[in-house]
């Protein structure tokens, strides 16, 4: 199956991958410290702008990719909304107990989940894995044996997917019955994982031997096919977040959507 | 002998991890669908996300493999555009470290079903610890919180403990594990 996965290269693609990675981790830590739902909503809008207009991928693809976002919102928020602690009861129905506090805390978690997802997708859509590992080696001094192993493994993924397809057809042709429940799950897991694992291990072993035969070594002063550095786009990226966070914060303080400023349970 | 993991070990570990990384990625939507039933039953399948560390360790049986496998699997899920983004990496690191500590506590000598289950439970605790900060889980009603913990630990024992062990047992029959495992005392005895 051939899939068209072409895209326009935008400034987001030209950012140093290591820097992008570190900024995303810093944003993650920052997000964990935000408990104000108004701030989170503004933050989410800022991310959405980046996702919709600057990844360089066509609209249709962006829409399809964002379908699971609804699921993330649901998984992150529902149990908190239905079963969270709180004082001001809205609905009580059997075990379900929705309170004002739990409702907003659930929404907060849902929005936060969407922000993390958007950040992750932005990174995945705008970073080529090969550049990421070259950059990790050059800027963050990741050992070449880890980086090259990873790149070799990433190259094997299309083959693995094809093998899974073949395996699926083979099992179908031979009339393998599906069982239900945990036993069925185990049988299915086994029938796929054993051939996949054994093939992959054999392949990995052969690749490693071939690499060593070609004198692959862990020396520090090696040369690189791709040289990655920093550019003005890195500054733009950092400024975008600084400005976005300041504006979101200002708007959250002066024009809040809800009167709740901290979603945690204080009782 | 040189200390640390050789290129072969690393490559095999990372390829196993990426294989599970694909499963981890596919697990996200499944988890989402199951969780809409409510009452935390999705926690029963959460254990799948601990499996890479344990399977990789049971296959290669060397220090550092469990941690590397779990982080690599999480990294794989991340670069394939997993639903939880960078959160995955934090969980991967925590879960991998927890499993690694269990294997280290037994000096990397044991690789039976018990130790696999123990490592699974340790990973489950690590994930719960991270959830404490990330998911405000302490603010859930207490009975709900207990169901969540219980289901996650049971799922961990079943999937990442028992299933992982049985898979590696079955894999041993293919003979492929002999390629990557260090020689054991039985191998030396067989030489005499």
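Chains as they are written, first to last, in my numbering: chain Y, 1 to 267; chain P, 1 to 192.
Backbone N, C-alpha and C fix where the C-beta goes; we use that ideal spot for every residue, glycine too.
Because the structure is a prediction, the values reported are computed rather than measured.
Under 9 Å from the C-beta of residue 144 (chain P): neighbouring residues of chain Y | Along the second chain, read from residue 1 onward, the residue named residue 144 (chain P) stands at position 144. Here the neighbours are 79, 82, 83, 84 and 95.
Hey, could you find the ends of the alpha helix (DSSP H) residue 92 (chain Y) is sitting in?
-> Translated into the one-based positions of the first chain, residue 92 (chain Y) becomes position 92. Here residue 92 (chain Y) belongs to no alpha helix (DSSP H); instead the beta strand (DSSP E) covers 89-93.
Flag residue 160 (chain Y) as yes if its beta-carbon sits less than 9 Å from any beta-carbon of chain P, otherwise no.
-> As a position in the first chain, residue 160 (chain Y) is number 160, starting the count at 1. True, the Cβ-Cβ gap to chain P drops below 9 Å.
Contacts of residue 196 (chain Y) in chain P (Cβ-Cβ under 7 Å) | In the first chain, counting from the first residue as 1, residue 196 (chain Y) sits at position 196. Here the neighbours are 19.
Residues of chain Y with CB under 8 Å from residue 32 (chain P), in chain order?
-> As a position in the second chain, residue 32 (chain P) is number 32, starting the count at 1. Here the neighbours are 68, 71, 72, 74 and 75.
Stretch pair the stretch 144-153 of chain Y + the stretch 227-240 of chain Y: three plus CB contacts closer than 8 Å | no
Residues that DSSP places opposite residue 84 (chain Y) in a beta bridge | For the purposes of this step, residue 84 (chain Y) is identified with residue 84 of the first chain, where counting begins at 1. Partner(s): P:140.
Closer than 9 Å, CB to CB, is residue 100 (chain P) near chain Y or not?
-> Indexing the second chain from 1 puts residue 100 (chain P) at position 100. Not closer than 9 Å to any Cβ of chain Y, the Cβ of residue 100 (chain P) fails to qualify, so no.
Please decide whether residue 213 (chain Y) counts as near chain P, where near means a Cβ-Cβ distance under 9 Å.
-> Mapped onto the first chain, residue 213 (chain Y) falls at position 213. Cβ-Cβ to chain P under 9 Å: no for residue 213 (chain Y).
Cutoff 9 Å: residue 268 (chain Y) Cβ touching any chain P Cβ = The first residue shown for chain Y is 1 and the last is 267, placing residue 268 (chain Y) beyond what the model contains.
If the cut is a Cβ gap below 8 Å, which residues of chain P does residue 32 (chain Y) touch?
-> Working through the first chain from its first residue, we reach residue 32 (chain Y) at position 32. Within chain P, the residues near residue 32 (chain Y) are 133 and 134.
Coarse secondary structure for residue 174 (chain P), derived from DSSP in three states | Within the second chain, the letter at position 174 stands for residue 174 (chain P). Residue 174 (chain P): coil per DSSP, three-state reduction.
Please specify which runs of the alpha helix (DSSP H), each continuous and at least 4 residues long, are wholly inside the stretch 39-65 of chain P, giving them in chain order.
-> 51-60
Identity of the residue in Y:85, Y:6 and Y:105 nearest residue 40 (chain Y) by Cα = The residue you call residue 40 (chain Y) lines up with position 40 of the first chain. Among Y:85, Y:6 and Y:105, the Cα nearest to that of residue 40 (chain Y) is on Y:105.
Give, in chain order, every residue of the stretch 134-152 of chain Y whose Cβ lies closer than 7 Å to some Cβ of chain P.
-> 145, 146, 149, 150 and 152
Using a threshold of 8 Å, is the CB atom of residue 138 (chain Y) nearer than that to any non-hydrogen atom of the ligand HEM?
-> Ligands are entirely absent from the displayed structure, and the ligand HEM is therefore not among its contents.
Please list the partners that residue 264 (chain Y) has in chain P, where partner means a Cβ-to-Cβ separation under 7 Å.
-> Against the first chain, residue 264 (chain Y) aligns to sequence position 264. The answer, in chain order, is 136 and 139.
Which residues in chain P sit within 7 Å of residue 193 (chain Y), going by Cβ to Cβ distance?
-> Reading the first chain from its first residue, position 193 is the one you call residue 193 (chain Y). The contacting residues are 167.
Who are the Cβ neighbours of residue 77 (chain P) in its own chain at under 6 Å, not counting the five residues just before and after it?
-> Here residue 77 (chain P) refers to the residue found at position 77 when the second chain is read from its first residue. If we look at residue 77 (chain P) and ignore the five residues flanking it on each side, its Cβ neighbours are 21, 24, 25 and 88.
Using DSSP with H/G/I as helix, E/B as strand and the rest coil, what is residue 1 (chain Y)?
-> Residue numbering aside, residue 1 (chain Y) sits at position 1 when the first chain is read from its first letter. Any answer about residue 1 (chain Y) is weak, because its pLDDT of 41 lies below 50 and its placement is not dependable; what the coordinates show is given next. Here residue 1 (chain Y) sits in coil by DSSP.
Validate contact between the stretch 37-46 of chain P and the stretch 187-198 of chain Y using beta carbons, cut 8 Å, 3 pairs = no
What did DSSP end up calling residue 35 (chain Y) once you bin it into helix, strand or coil?
-> For the purposes of this step, residue 35 (chain Y) is taken as the residue at position 35 of the first chain. Coil, per DSSP.
Scan the stretch 38-58 of chain Y for residues whose Cβ lies nearer than 7 Å to a Cβ of chain P and list them as they occur along the chain.
-> none
Find the residues of chain Y that neighbour residue 127 (chain P), judging by a C-beta separation of less than 7 Å, and give them in chain order.
-> Counting from one through the second chain, the residue named residue 127 (chain P) turns up at place 127. Within 7 Å Cβ-Cβ: nothing; residue 127 (chain P) doesn't reach chain Y, min ~15 Å.
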